[in-house]
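Visitor: Before I ask anything, here is the structure I am working with.
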Amino acid sequence: MVEHVMGLPVPALLVVAAVVLVLESGSPLGVLLPGSPMLLALGLLSRQGVVPLWVAVPVAGAASALGCQWAFLRARRLRLLDADADLLEPPGRWERGLIRRAGPERVRRALSLLERRAVPAVAGAHFVSVLRTLLPRLAGRAGVAHLRFCAASVPAAFTWAAVVCVLGRVAGEAYGRVSAAVGVAGAPLVVLAALGAGAVLLVRRRRAARVARSGTV
């Protein structure tokens, strides 16, 4: 899917990417959509001069944050309709499937963390594919305040978008291998790869600065 999208004109490419990212975090079917690979592709296209990075990151971050808001508000509305409902047994078939995919025990730990530390739980979940789709729903149904949810999810969405887009830009021709690895390993690899990407960029800048200084001597 991502490879086909990369051939679209820039406006259409950004629209498709935004729709995918909204649905990935906002719909129970989001676990089937290529959120991280889409960001990596945007980063690669920025390296090739097709899409400016300063455009790709805000569009992607806003789309992912919007999807989280959609999921949270819908879950909160369901909670208001049935405050005594079992959080592990939501009314929607796809949402129940999402919980089964994440694992009931994992969901229980997430709910416990939401009760104790909602902000870091929501923010950290945005860097893990299944949790990025699941946590906004759990937060809405668990009664997390909307302001607290926004304080965590919005910065996390933009940070995630920036980190993965930069990773795709730095990866270059290794985009395919990095995309597969990020999809499997999730947050730990994204963080490590981002640190590595930052180190590479720093080394390149220092080399360029030394070359510039030597050229002026």
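Residues in the sequence shown are numbered from 20 upward in steps of one, following the working numbering.
Quick reminder that beta carbons are idealized off the backbone N, C-alpha and C, glycines included.
#1: Restricting to Cα atoms, I'd like to know which of Val-183, Glu-114, Ala-84 is closest to Leu-157.
#2: Terminal residues of the continuous alpha helix (DSSP H) containing Leu-27?
#3: Is Leu-52 near Glu-43, with beta carbons less than 7 Å apart?
#4: Is the Cβ-Cβ distance between Leu-72 and Ser-83 less than 7 Å?
#5: Rank Gly-143, Ser-148, Leu-154 by C-alpha distance to the C-alpha of Arg-127 and give the top, closest one.
#6: So, does the region 134-150 touch the region 165-183, judging by three or more C-beta pairs under 8 Å?
#7: Out of Gln-88, Gln-67, Gly-62, which has the shortest C-alpha to C-alpha gap to Val-76?
#8: Under a three-way DSSP split, which group does Phe-91 fall into?
#9: Below 7 Å between beta carbons: does that hold for Ala-79 and Leu-40?
#10: For Ala-180, collect the residues of the same chain with a Cβ closer than 7 Å to its Cβ; drop the 5 residues on either side in sequence, then sort them by chain order.
#11: Can you find the residues in the same chain that come closer than 7 Å, C-beta to C-beta, to Val-163, ignoring five residues on each side of it along the sequence?
#12: Which class does Leu-186 belong to by DSSP, given the choice of helix, strand or coil?
#13: Determine the closest residue to Val-149 out of Ala-190, Val-38, Gly-45, with distance taken between C-alpha atoms.
#14: In three-state DSSP terms, what is Arg-136?
#15: How is the alpha helix (DSSP H) around Gly-159 delimited, first residue to last?
#16: Start and end of the alpha helix (DSSP H) containing Pro-71?
Guide: Once the coordinates are examined:
#1: Glu-114
#2: Note, Leu-27: premise wrong, no alpha helix (DSSP H); not H, not E.
#3: yes
#4: no
#5: Leu-154
#6: yes
#7: Gly-62
#8: helix
#9: yes
#10: Leu-58, Val-76, Ala-79, Gly-80, Ser-83
#11: Leu-133, Ala-137
#12: helix
#13: Gly-45
#14: coil
#15: 148-160
#16: Careful: Pro-71 lies outside any alpha helix (DSSP H) and carries neither H nor E.
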